[in-house]
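Student:
Protein chains: 4
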Amino acid sequence: MVRVAIAGASGYTGFELLRILCRHPRATVTTITSRANAGEALADVYPSLRGHCDLIFQDTTPEILTADADLVFTALPHQAAMEIIPELLNRGVKVVDLSADFRFRDPAVYQAWYQEHTAPDLLAESVYGLPELYRDTIARARLVGNPGCYPTSILLAAAPLLVHRLVDPQSLIADSKSGVSGAGRGLSLTTHFCEVNDGFRAYKVAEHRHTPEIEQELSVLAGRQVRISFTPHLVPMSRGILSTLYAQLRAGVTAEQVRDAYHDLYGKERFVRLCPQGQFPSTLQVRGTNYCDLAWKVDPRTGRVVVVSVIDNLTRGASGQAVCNMNIMMGFDEDCGLEDAPWLP
Amino acid sequence: MVRVAIAGASGYTGFELLRILCRHPRATVTTITSRANAGEALADVYPSLRGHCDLIFQDTTPEILTADADLVFTALPHQAAMEIIPELLNRGVKVVDLSADFRFRDPAVYQAWYQEHTAPDLLAESVYGLPELYRDTIARARLVGNPGCYPTSILLAAAPLLVHRLVDPQSLIADSKSGVSGAGRGLSLTTHFCEVNDGFRAYKVAEHRHTPEIEQELSVLAGRQVRISFTPHLVPMSRGILSTLYAQLRAGVTAEQVRDAYHDLYGKERFVRLCPQGQFPSTLQVRGTNYCDLAWKVDPRTGRVVVVSVIDNLTRGASGQAVCNMNIMMGFDEDCGLEDAPWLP
Amino acid sequence: MVRVAIAGASGYTGFELLRILCRHPRATVTTITSRANAGEALADVYPSLRGHCDLIFQDTTPEILTADADLVFTALPHQAAMEIIPELLNRGVKVVDLSADFRFRDPAVYQAWYQEHTAPDLLAESVYGLPELYRDTIARARLVGNPGCYPTSILLAAAPLLVHRLVDPQSLIADSKSGVSGAGRGLSLTTHFCEVNDGFRAYKVAEHRHTPEIEQELSVLAGRQVRISFTPHLVPMSRGILSTLYAQLRAGVTAEQVRDAYHDLYGKERFVRLCPQGQFPSTLQVRGTNYCDLAWKVDPRTGRVVVVSVIDNLTRGASGQAVCNMNIMMGFDEDCGLEDAPWLP
Amino acid sequence: MVRVAIAGASGYTGFELLRILCRHPRATVTTITSRANAGEALADVYPSLRGHCDLIFQDTTPEILTADADLVFTALPHQAAMEIIPELLNRGVKVVDLSADFRFRDPAVYQAWYQEHTAPDLLAESVYGLPELYRDTIARARLVGNPGCYPTSILLAAAPLLVHRLVDPQSLIADSKSGVSGAGRGLSLTTHFCEVNDGFRAYKVAEHRHTPEIEQELSVLAGRQVRISFTPHLVPMSRGILSTLYAQLRAGVTAEQVRDAYHDLYGKERFVRLCPQGQFPSTLQVRGTNYCDLAWKVDPRTGRVVVVSVIDNLTRGASGQAVCNMNIMMGFDEDCGLEDAPWLP
C-alpha cells in the first residue's frame, strides 16, 4: 500500500482524488489538508463521504503532508504549488502536482502567461503527466506536472495527426466546451446557478492560459513550433469537456490513413476509446471515468479533418489522470482504482 | 461467483444493474436480454460501457435467461414480469423482480391498482425486498419483490416513527420529488428535455400506483390500517428522490424520543445515514449509491415532525437495492459491489 | 405617465422590475440605484438590456430616489428598506416595498423573526399587497408591503378553502419548491451551479421567515389563529415556485363545494387561472408572467384536499406583483404592462 | 391590422409565432392549423396561453389557411411546405415559410441535400429572409424563405468580414452550439431529458443540411464560391445558439479594420448589437428576442479573427425573424411586436 497525502483536498479536484483513492486497492489516504477547512471533519464538508472516510482536514504544511506519506498530490492553486513542492521533494516523497506550475519546459513561457517561476530547476526535472505520450518517463519521475483539462482533451485528439504528419500543424483550431466544475468551487458570478443555467457562452477567447501548454506539447509532437487557436466555452453542466479540433489535411491524405493513425497510436491504450465510424461521443459516456473517447471525420469537401474528444474534466482532466500517474510511478497497473463504469444517466 | 442474468437490460434500471454488476466481485453477468435490442452489442446501445462488458442482448425467454444463471433480475414492465417469473422459478433460479408484480401481499390490492394477477400463489411466497425491514426473510427467499423507488424513500423515513408509535399513523403525508429517470427511457412528451428543463410539476396527484404499496408496508409497521396522502413531483434532474414526510406527533412525544427512534432502528445499518442535527440532505450526496440519507425536525409550533429522506431512484430505489437483495439471498456481505462513493459534483 | 424610481435595481427583482417597466405603457423609469453598481451603465451590468434602457445606476439615497419620481420601488434587503422608506414617504412619493419590512401587522411578530422594527407606525399604515385579497385598500395606499414569493403561492392556493370554511385551518401543510433565483444574485455555495445542478434539497425546515407572514394572512382568512407547517425546497431551475398544499376537509365537504369555492373567489380574476379538472400545472406555464395557476384534488381516501399552485417567483412572487400594485395605486388597468404570454420552452 | 394564419402551429416555432403575434399591435392571428392537434383548443395543448388566445387548431389545408388571412406563416416540415405553398400563393396571400424549401437559389443544391424540389419556379421568386442583407427585396416579396437558425447565427457573424474582404473565404470554420428546442417537439431518444441533461455532444459532423444554405449566402457575400466547415453541437439548455467563427485574416488586416467593418454593416441595425471590446455574449442575453449579439477578437498570434454570435434559435433563428420579415413585407416598423426585453435569469 502506498500512503498518500492530498494538499488542497476541499476543492473539486481534491474531492475527486479522495473519491477515487478511498476505494483504491493499493493506496491509503493518510492525510488531507485544506487552508479553508483545517480542523473540520471531511464528512462535515462533504456529507456524501460520510461512512467512507473519517479524516480531518489539517493545515497545508510540508511537515504534515510528509509525516505519513510516500506520495503527495498537490491540488493547490498555481504559485502555491511551487512554493511548497521543493520542500516536499526534499523530504523524500514523490509529488503529482495538479496545478500548472510544473507543466512547462521553458520558464519563460510560464512567466509570460502566469508569473515568475520560483523553482525553475525543478521544471527541468518534472515530467508532463500524459501517460499515452510519456509513460516511460513518468515511471521514473519524482515530480509529475499533471496536465490541464483542456490540454488533455486536445492533445489526445491531435496527437495521431501530428505524429503521422497528416495535417498542417499551423492550421489547428481547437474549440472546447467545459462543464462548470472546471471553474472550481470558489464563488463568482460566473458560477452562480442563475447566470449559467440554460445559457452558453465563450470566455477568454484567444487568451486562455492553457494555450501555451497545448502549444508546447503540440510542438513536440509536430517536431516544429505550433500555434493554435483555442476557444474555451462554458456549458450548463457540472462535468465534462468536449473539444472539437479542426485541421487541414496534407495533400493526398486519405480517410484510411487517418483511421490508421488513430488505431496505431491508441489501439492498445486502456483509457482511449475510438468510436465506431459515424458515431460521435457525448460527455455523458465518460463521466466519472479516466476515459478519453475519440471520433473523427474526414471532410473531402473542405480537405479538413474534424476530431471530437470527450473527457471528464475532473477525472481524466485532473484527478483520475493524477491517480493514473501515481499508478505508473508506483509500478501498479495503470487502471488500478480507475475501473468503474460511468453512470447513465 | 454467482451467475446472473438480466431480463430487460436496455432500460435505465437494467443498465444500472449492469453498471453495478460488471464490477461486482462475487457475481458475473452471463446473459442480458432486451426485446427492443436483441442481437445488438451492449456497447452499441450504451457506448459508455465499451470495454467493460462484451455481452450481446438476447431475446427475453425463460430458456435464455436460465441457461447460464443462478439468479435472474427481471427489469421488465409490470405484467410482463409475472408472465415469465413462474417459469424462471420452475427452472430453478432465484429471482429479484424490479417490477410491481410481486410487492403485494393481497392480490385484490394489486388488481385494484394494476390489473388481474396471473400468479397469485407466488404473491404469498414473494418477499418485499426492503433489507432494513425484511433482511431475514429475504435471506431465505426464492423470489423477492424489489420495492418501488418512492416507497423505499418514504418507508425508510417513516419506519422509526411508526415502530416506536410516536405519531398518529393517519396523519402521514408524503410529498415526494423525483428525477426524470424514474419515468424510464421510453419516449413521451413528459420526458422531452424542453418540457422538463427549468420547470417543476406535480403528477398523478392522489392517484399514483405506489400509494397502495406504501400503505401496505406502513400498515404493517403501524400495526393497523394506514392511509397516506402521497404526491409525486418531477424535478428537472436525472437522478434522485427526495421525500418530505409530515406526521402529527402523539401528545407528549419529545425531540429526544424521535432522535432515539431513528438511532435505534438505523444506528447499525450500512446503507442508512442519519444527518447531524440541523443538516438536511441533498439528493446529490447519495447519487449512484445505495444510501438513504435521513434528517428530521420536530416542530413544537405545530406538533408535527418533518422527515426528509434522499435516495438515488435508480440505485437505492431500484438496481442497487436489487443487488443488495441478491447479496443477502446469496449470503454475501450486504455492501458487496455497492461500496463506491458518490461523485461530486 | 407615472415616473418611477427603483432602489436596489441591480438584483434579480430589481432587474425584473426594469424589464417589465421599460415596456410599461404608462410608466417611465427615471432613476435606478444600486450601492454596488453606482456609476455604472445599466447595459454594462445587464448586457441583455442594451438598447432598451440607457440609465446609469446612482447611489441609493432619498434625494436621488425622489428627485424625479412619483413612486419608488424599494428592492432592498430587509432593514435597509425600513431605514429609507419613512424619508421617501415624507418627500411625497408612494412606495411599493419588496422587502419583508412592511408586510406585518404586528411589530412583535416582525421582531421575533427578523429584528427590531424601526418604523412601527408605518406598519399600521402599510397594506399587504396581494391584489386578490386587498385590492381596495391597495388602491388608497401610500405604502404597500409587497408579499413574499412563497406566501403569494400559498395564500392564493389556500384562500378559497379558508374563506368558505371547507377545511380545518390547523391541518394546513405547505410543501413549497423554488427555483434558485429566489436566493438572489449574491454569492454563496448554495447557489454555486455545481452544488445545485442535478440535485434537490430542503432548507430551513420549519423555520423559514416566510412562515409568520403566511400565518398572519391565513389567520385573517380563517378568522382565527392558524399555524402551518411550511417546508421550502430548492429546485435546480432558475425561476418558479410550486407549492403543494394539504388540508383536512371538514366533514361532509364535497368536491363540488371545493370547486365552487375556487371559481367563486377567482372566476373573474385576471391573474389567477384555474386548471381544467385533472390537469396539474408546471411552473413553465407561468414563467415571466404575473399568473398564478391553480389546480386541486379532493381525495376521498384520506379526506384531504391537495392544492397545487405555480407562480414565477420573480414576477408574481415579486416584481410583477409590485407593478400590479402600482397599477392599482395609480388607477391603471391591473394588467397594464403585464400582458405578455410566457415563452415555451 | 394584417390577418395572419399559422400552418403547423403546434410545434415550438409555431408556438413561438403565436406567442409573439398574440401581442403584435398590427397583426391578428385568425387561424392556426395542426395535423396532430386539429380540433383541440390551443389552451389545452399549451396551457401557458390560456387567457391569451382562444383559437382552435384546424386542419392544414389551403382553404382553411387562406379563408381569413392576408399572410400565412408555414411552420411545416420541409417537403410539406412546398406541397402547399404554391396553392396558398395562388389564393393571393403572402407567405413566410419557416422550412428549408424556399431558401435555395439552385434547385440542384436543394435536391442534393434534401429531395427533389416540386416547385422550382417559386425558388426563383422567393427571397432569402435575412433582413440585414435583403431588406429591400423582402419588402417586395410575395414569398420569403425564412433562414435556418444556424445559418442566421453564422451569416451575421461572417458578413462584415466577407463584404469588406478582410479574410480568406476558404478558411472559414463555424463551430455552433444549439439548445434542444432546435430539434423540435417531436419525440426521440436524442431529446429525452436524461440523455441530454448534464451532457454535451456534436452531431451530423460535416454533414448537416444547413451547410449548403450557409455556403450559398457566404458565396454571395464573398463574390466567389465558398466552402465552410460547420459542426453543430447540442447544449443541455432549451433555447439559444452560439456560433464561434474562425477565419484567417488577409495579410496586413488590422484590428481597427475589423472593428470598422462590423460597425459599418451593423451600426444602424435594430437587431444586431455589438458587444463592447473584451466582452463576449451569453445566449442568455438574447433569449426570447430577435437580437443577434456579436463580439470578435483579432488574434495576432495566429493571424486569425474569432467571432462569437448569439441568437435565440426560436426567435431570431425562426419565428421572431419571420415576424420581422412580415413587418418588412407589410411596411411596418421592423421591430413591431418584437420590442420585449429578455428575462434574466
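Protein chains in written order, with UniProt numbering: chain P, 1 to 345; chain U, 1 to 345; chain A, 1 to 345; chain B, 1 to 345.
Glycine included, C-beta positions come from ideal geometry on N, C-alpha and C.
Using the C-alpha atoms, what's the distance from residue 272 of chain A back to residue 57 of chain B?
Tutor: So the two alpha carbons sit approximately 25 Å from each other.
Student: Decide if residue 90 of chain U is buried, meaning its Cβ has at least 16 other Cβ atoms within 10 Å, or exposed.
Tutor: Per the 10 Å Cβ criterion, exposed.
Student: Is any beta-carbon of chain C found at less than 8 Å from that of residue 117 of chain A?
Tutor: Here chain C cannot be found, since the structure's protein chains are P, U, A and B.
Student: Can you grab the Cα-Cα spacing for the pair residue 157 of chain P / residue 133 of chain B, in whole Å?
Tutor: The straight-line gap from Cα to Cα measures roughly 38 Å.
Student: Leaving out five residues before and five after residue 46 of chain P in sequence, what residues of the same chain have Cβ atoms less than 7 Å from its Cβ?
Tutor: These residues qualify, in order along the chain: 15.
Student: Per the contact definition of three or more C-beta pairs closer than 8 Å, is the stretch 321–341 of chain B in contact with the stretch 313–328 of chain A?
Tutor: No, the stretch 313–328 of chain A does not touch the stretch 321–341 of chain B.
Student: Would you be able to state if there are at least three C-beta pairs under 8 Å between the stretch 263–271 of chain U and the stretch 208–218 of chain U?
Tutor: Segments in contact, no.
Student: Out of U:336, U:318, U:343 and U:337, state which residue places its alpha-carbon closest to the alpha-carbon of residue 394 of chain U.
Tutor: What is shown of chain U runs 1 to 345, which leaves residue 394 of chain U out entirely.
Student: Looking at the secondary structure, which residues open and close the beta strand (DSSP E) in which residue 145 of chain U lies?
Tutor: Where residue 145 of chain U is concerned, the enclosing beta strand (DSSP E) stretches over 143–145.
Student: With burial defined as no fewer than 16 other Cβ atoms inside 10 Å of the residue's Cβ, what is the status of residue 112 of chain U: buried or exposed?
Tutor: The residue is exposed, with fewer than 16 neighbouring Cβ atoms inside 10 Å.
Student: Establish whether the CB of residue 104 of chain U and some CB of chain A are separated by less than 8 Å.
Tutor: No, residue 104 of chain U lies away from the interface with chain A (no Cβ there is under 8 Å from its Cβ).
Student: Counting along the chain, where does the beta strand (DSSP E) carrying residue 349 of chain U start and finish?
Tutor: The question about residue 349 of chain U has no answer here: the residues shown for chain U are numbered 1 through 345.
Student: Rounded to a whole number of angstroms, what is the C-alpha to C-alpha distance between residue 301 of chain P and residue 204 of chain B?
Tutor: Using only the alpha carbons, I get a separation of about 15 Å.
Student: Helix or strand or just coil, what does DSSP make of residue 247 of chain B?
Tutor: In the structure shown, residue 247 of chain B sits in a strand (DSSP, three-state: E or B).
Student: Using only alpha-carbon positions, find the residue among B:296, B:92, B:28 and B:145 that is nearest to residue 305 of chain B.
Tutor: Ranking B:296, B:92, B:28 and B:145 by Cα distance to residue 305 of chain B puts B:296 first.
Student: Verify whether the separation of the beta carbon atoms of residue 74 of chain P and residue 59 of chain P is less than 8 Å.
Tutor: No, the Cβ-Cβ distance between residue 74 of chain P and residue 59 of chain P is not below 8 Å.
Student: Please name the residues in the stretch 3–26 of chain P whose beta-carbon is closer than 9 Å to at least one beta-carbon of chain U, in chain order.
Tutor: Under the 9 Å Cβ criterion, the stretch 3–26 of chain P contributes 12, 15, 16, 18, 19, 20, 22 and 23.
Student: Taking residue 288 of chain B as the query, report the chain A residues whose CB atoms sit under 7 Å from its CB, ordered along the chain.
Tutor: Neighbours of residue 288 of chain B on chain A, chain order: 343.
Student: Is the stretch 180–187 of chain U close to the stretch 280–297 of chain U, with three or more CB pairs under 8 Å?
Tutor: The stretch 180–187 of chain U, when compared against the stretch 280–297 of chain U, does not touch it at the 8 Å Cβ threshold.
Student: Is it true that the CB of residue 8 of chain P sits closer than 8 Å to the CB of residue 48 of chain P?
Tutor: Cβ distance not < 8 Å, so residue 48 of chain P and residue 8 of chain P don't count as in contact.
Student: So, does the CB of residue 209 of chain B fall closer than 8 Å to a CB anywhere in chain A?
Tutor: No, residue 209 of chain B does not count as interfacial toward chain A.
Student: May I ask you to report which of helix, strand or coil DSSP gives residue 15 of chain U?
Tutor: Helix, per DSSP.
Student: At a Cβ cut of 9 Å, what residues of the stretch 217–232 of chain P count as close to chain A, listed as they run along the chain?
Tutor: Hits within the stretch: zero.
Student: Alpha carbon to alpha carbon, what distance is there between residue 102 of chain U and residue 179 of chain U?
Tutor: Whole-angstrom Cα-Cα distance: 24 Å.
Student: Can you have a look at residue 248 of chain U and say buried or exposed, based on whether 16 or more other CB atoms are within 10 angstroms of its CB?
Tutor: The residue in question, residue 248 of chain U, is buried, as its Cβ has 16 or more Cβ neighbours within 10 Å.
Student: Below 7 Å CB to CB, which residues in the same chain sit around residue 110 of chain B once its five sequence neighbours on both sides are set aside?
Tutor: Once the five neighbours on either side are set aside, the close Cβ partners of residue 110 of chain B are 104 and 117.
Student: Please confirm if residue 198 of chain P has its CB atom under 8 Å from at least one CB of chain A.
Tutor: True, the Cβ-Cβ gap to chain A drops below 8 Å.
Student: Quick one: is residue 285 of chain A near chain B, going by C-beta distance under 8 Å?
Tutor: Interface residue, yes.
Student: Examine the Cβ distances between the stretch 135–152 of chain A and the stretch 325–339 of chain A and report whether three or more of them are shorter than 8 Å.
Tutor: Yes, the stretch 135–152 of chain A is in contact with the stretch 325–339 of chain A.
Student: Are residue 62 of chain U and residue 88 of chain U close, meaning C-beta to C-beta below 8 Å?
Tutor: Yes, they are a contact pair.
Student: Look at the alpha carbon of residue 20 of chain B and the alpha carbon of residue 336 of chain U, and state the distance between them as a whole number of angstroms.
Tutor: Taking the straight line joining both Cα atoms gives about 57 Å.
Student: Can you list, in chain order, the residues of the stretch 313–325 of chain B whose Cβ is nearer than 9 Å to any Cβ on chain U?
Tutor: Listed in sequence order: no entries.
Student: Taking 8 Å as the cut-off, does the stretch 170–177 of chain A touch the stretch 253–267 of chain U (at least 3 CB pairs, one atom from each stretch)?
Tutor: At 8 Å Cβ cutoff, the stretches do not touch.
Student: Below 7 Å between beta carbons is the criterion; list the residues of the stretch 158–182 of chain A that meet it against any residue of chain U, in chain order.
Tutor: Result list: 173, 175 and 177.
Student: Could you give the distance in angstroms between the alpha-carbon of residue 227 of chain U and the alpha-carbon of residue 165 of chain U?
Tutor: So the two alpha carbons sit approximately 16 Å from each other.
Student: Considering only the beta carbon of each residue, do residue 153 of chain A and residue 238 of chain A sit closer than 8 Å?
Tutor: No, Cβ-Cβ distance for residue 153 of chain A and residue 238 of chain A is not below 8 Å.
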